[in-house]
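Peer 1: Have a look at the structure that comes next, please.
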Amino acid sequence: MLCLCLVAFVLKREAHANILVVGSANIDTFLPVERLPAEGENLMVQGLPTDNVPGGKGCTQAIAAAKLHHGRVFFMGQFGYDGKVLIDTLLQSSVDCSLSNTHQDIPSGRGYVFLTSSGQVSAVVSGGSNQLGWKLWKYAWEQRQTNPSLLAQIFEQIRSTQCTCIMLQQEVPSHVNEIMAAFRQSHSVFLIQDAGGADREIPLHVLSSLDFIMPNESELDRLLKRYNVDMSSASVVDKARQLITLGAKHVIITQGSKGATSVSSSGEVLHQASLRTTQAVDETGAGDCFRAAFVSALLQRRSLQQCLQYGCAAGACAVETKGAVPSIPTRPAVEARLHELLKQPVGKSHDDTSNELNEPSSSPNDGETAHVLPTADPVAV
Ligand code: RIB
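What follows is the structure, encoded as structure tokens:
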């Protein structure tokens, strides 16, 4: 009896584990276009732009985590003088922003999203406070040998969240992610890196400290190019394996309407087909919802296949509404989508266009828990 209570307590604690998102928040402007402009071309926006939409990869992932996960969610970021809309939106979603800062002398990050009539998106981002607001962190990182107390203070702030998982993106300076990788060296947390954001190399020592790296297909290509590897004609699985050769432990590739693929250093490859059932309106934020949902399932010790399913269910819901933050689904909506999937034959979806790995190599059973995974034990710091 005591043993059963203990197991129930541990499982409940993990389901309620805290998540810390360290990263960017942007105010987005949506520019509806018939197609993307060619190089050197001027293109007219179709109708009017939609302005002041909360977004940015960090902010969107934090709110998605708060909506989909049972534990507390913290956001550590840098807002500009115009960041009230972002702070209000995060707080309304019960994201704890007490470790974030507001800078009165710089603007917040801005995302300019080209949205085509088929729901596909491309964006350019102005970093603003996401780039310029981390000066103290830069100083702490540069002075870590001569004045380690500054870095120790940052570590203490991270510890105060009692997080079990830290989520990173590439929309803040690389020294921020370096600090989180250094934290991971001495703390038992999952470290998850979204490869979206700046086109830059992830230093190999950071890559090898991550528990999961999550690029989409184009980010996987450009990341490999940063390591001087050109594999443009190879399969995503082979590309992910190349990243593993470079030190990654686990690569999750989000593939839009093709679903998602997981490749781990143990050699295991899993694929989950997309769960989309309706026309995509806007893909903005779908990858962020996938990542937050994946992490929530991971912290509940779901099987890897189930983590992919939950992520794909969240991503499928997100493409049905415009905007990054506005499109984040509720937990019941994601669970309903998942329920639909479990009624389908394993690995298939209505619009499955994936070619290489339609069948997952392990069968997902509803309620199955098991086999999660990384090197870190998911014990709160
Ligand atoms: O991931 C979606 C986000 O990417 C958008 O909100 C935009 O700001 C860009 O950062």
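Numbering (our numbering), first residue to last: 2 to 382. For each residue, glycine too, the CB sits at the ideal point set by N, CA and C. These figures come from a predicted structure and were not determined experimentally.
Hey, how far is the Cα of L91 from the Cα of S266?
Peer 2: Taking the straight line from one Cα to the other gives about 35 Å.
Peer 1: Any chance the region 60-75 sits against the region 280-294, with 3 or more Cβ pairs inside 8 Å?
Peer 2: In short, these stretches touch, since the Cβ pair count reaches three.
Peer 1: State the beta-bridge partners of Q79 as determined by DSSP.
Peer 2: Q79 is bridged to N102.
Peer 1: Just the Cα atoms here: how many angstroms apart are N19 and C164?
Peer 2: So the two alpha carbons sit approximately 4 Å from each other.
Peer 1: For L358, name the three-state secondary structure that DSSP assigns.
Peer 2: At L358, the pLDDT of 27 sits below 50, so the modelled position is not reliable; the number obtained from the coordinates is stated separately. Note: L358 maps to coil in three-state DSSP.
Peer 1: For E35, collect the residues of the same chain with a Cβ closer than 8 Å to its Cβ; drop the 5 residues on either side in sequence, then sort them by chain order.
Peer 2: Cβ neighbours of E35 beyond the five flanking positions: L44, Q47, T117 and S118.
Peer 1: According to the neighbour-count rule (16 or more other Cβ atoms, all chains shown, within 10 Å of its Cβ), is D52 buried or exposed?
Peer 2: By the 10 Å Cβ count, D52 comes out exposed.
Peer 1: Please report how far the alpha carbon of I193 lies from the alpha carbon of G56, in whole angstroms.
Peer 2: So the alpha carbons of these two residues sit roughly 19 Å apart.
Peer 1: Determine the DSSP secondary structure at M232, reduced to helix, strand or coil.
Peer 2: Three-state result, M232: coil.
Peer 1: Going by DSSP, name the residue or residues bridged to H251.
Peer 2: Per DSSP, S265.
Peer 1: Label V125 either buried or exposed according to how many other C-beta atoms from any shown protein chain fall within 10 Å of its C-beta, with 16 as the threshold for buried.
Peer 2: Burial call: exposed.
Peer 1: Indicate the three-state DSSP secondary structure (helix, strand or coil) for H206 in the structure shown.
Peer 2: The answer is helix: DSSP assigns H206 an H, G or I state.
Peer 1: Run through the region 149-211 for me and flag every whole alpha helix (DSSP H) of 4 or more residues, listed as ranges in chain order.
Peer 2: Those alpha helix (DSSP H) runs which fall completely within the region 149-211 and span 4+ residues are 149-161, 175-187 and 205-208.
Peer 1: Can you name the residues that DSSP bridges to P55?
Peer 2: For P55, which the question treats as bridged, DSSP gives the partners I28.
Peer 1: When we look at the beta-carbon of H351 and count the other beta-carbons within 10 Å, is it buried (16 or more) or exposed?
Peer 2: With a pLDDT of only 33 at H351, under 50, the local geometry of the prediction cannot be trusted, and the value read off the model is given with reservation. Counting Cβ neighbours within 10 Å, H351 comes out exposed, since fewer than 16 surround it.
Peer 1: Could you give the residue range of the alpha helix (DSSP H) that holds A274?
Peer 2: No alpha helix (DSSP H) holds A274; DSSP gives it neither H nor E.
Peer 1: Go ahead and label S101 buried or exposed: buried means 16 or more other beta carbons lie within 10 angstroms of its beta carbon, across all protein chains shown.
Peer 2: Under this definition S101 is a buried residue.
Peer 1: When you compare the CB positions of A235 and S258, do they come within less than 9 Å of one another, or not?
Peer 2: Cβ distance not < 9 Å, so A235 and S258 don't count as in contact.
Peer 1: Can you find the residues in the same chain that come closer than 8 Å, C-beta to C-beta, to K136, ignoring five residues on each side of it along the sequence?
Peer 2: Answer for K136: no residue qualifies.
Peer 1: Check I214 in the structure and name its three-state DSSP category.
Peer 2: DSSP places I214 in strand when its eight states are reduced to three.
Peer 1: Put I88 into one of helix, strand or coil per three-state DSSP.
Peer 2: Three-state DSSP puts I88 in a helix.
Peer 1: For L224, I'd like the list of residues in its chain whose CB is within less than 8 Å of its CB, leaving aside the five on either flank, ordered along the chain.
Peer 2: Same-chain partners within the cutoff: A196, E202, I203, P216 and L244.
Peer 1: Round the Cβ separation of A241 and L221 to the nearest angstrom and send it over; I've been treating them as touching at under 8 Å.
Peer 2: With a Cβ gap of about 7 Å, A241 and L221 count as contacting.
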